[in-house]
Amino acid sequence: MDEIVCHIAIADDWGMSRKFGEYEVATRGMPWEPGGHIRACDPADVADVVATVYADVRLPLLRIDCSVEGLARNGVEVARVDGQPRILGPIPMNPDVVVGEHPLTA
7 MDEIVCHIAI ADDWGMSRKF GEYEVATRGM PWEPGGHIRA CDPADVADVV ATVYADVRLP
67 LLRIDCSVEG LARNGVEVAR VDGQPRILGP IPMNPDVVVG EHPLTA
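If you want it as structure tokens, here you go:
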């Protein structure tokens with residue numbers, strides 16, 4: 007079974023990235039480039055991340071479910087640091103990688 011990691015995205019950021027074919031926002035207000043990775047979490051941790059990191063955000067949020075195998079097939083590695091997944095490159099916006107997009111409430 008394919009491992010899934012989740013990224014919490016501001017819906018407008020996600021939507022704007024579609025025309026480029028990849029998403030490179032590490033976390034709210036931070037592009038991928040300075041940190042070298044996109045923050046992710048395990049599906050079981052999404053509610054905690056939304057409650058702690060995005061509690062003050064009043065913009066629509068999305069839970070982006072990414073296939074770890076799909077990322078690897080597209081040349082993007084997922085590493086774990088202190089148990090937390092990190093996506094080590096931009097997320098290709100194709101169905102091999104992005105297996106789910108779910109609206110969230112902060």
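Going from the sequence shown to my numbering is simple: count from 1 and add 6.
Don't be surprised by glycine CBs; every beta carbon is placed ideally from N, CA and C.
Three-way DSSP call (helix, strand, coil) for V84 in this model: V84: strand per DSSP, three-state reduction.
Using the Cα positions of D102 and D71, report the straight-line distance between them to the nearest angstrom. So the alpha carbons of these two residues sit roughly 11 Å apart.
Residue nearest to L77 in terms of C-alpha spacing, selected from V59, T111, A46, W20: Of the listed residues, the one whose Cα sits closest to L77 is A46.
Beta-bridge partners of Y29, as assigned by DSSP: In DSSP, Y29 forms a bridge with I97.
Would you say the stretch 91-107 touches the stretch 57-67, given that touching needs at least three Cβ pairs under 8 Å? Fewer than three Cβ pairs drawn from the stretch 91-107 and the stretch 57-67 lie within less than 8 Å of each other, which leaves the two stretches out of contact.
Would you mind stating whether V11 and P91 have Cβ atoms separated by less than 8 Å? Their beta carbons are under 8 Å apart, which means V11 touches P91 by this criterion.
With DSSP as the reference, please indicate the residues paired to E107 in a beta bridge. Looking at the DSSP output, E107 sits in a beta bridge with I70.
So, for R69: in the same chain, excluding its five sequence neighbours on each side, which residues have a beta-carbon less than 7 Å away from its beta-carbon? For R69, the CB contacts under 7 Å within the same chain, skipping 5 residues up- and downstream, are C12, I14, V52, H108, L110 in chain order.
Tell me whether A57 is buried or exposed, calling it buried when 16 or more other Cβ atoms sit within 10 Å of its Cβ. For A57, the number of other beta carbons within 10 angstroms of its own is below 16, and it is reported as exposed.
Bounding residues of the alpha helix (DSSP H) (the contiguous stretch that carries A57): Note, A57: alpha helix (DSSP H), 52-59.
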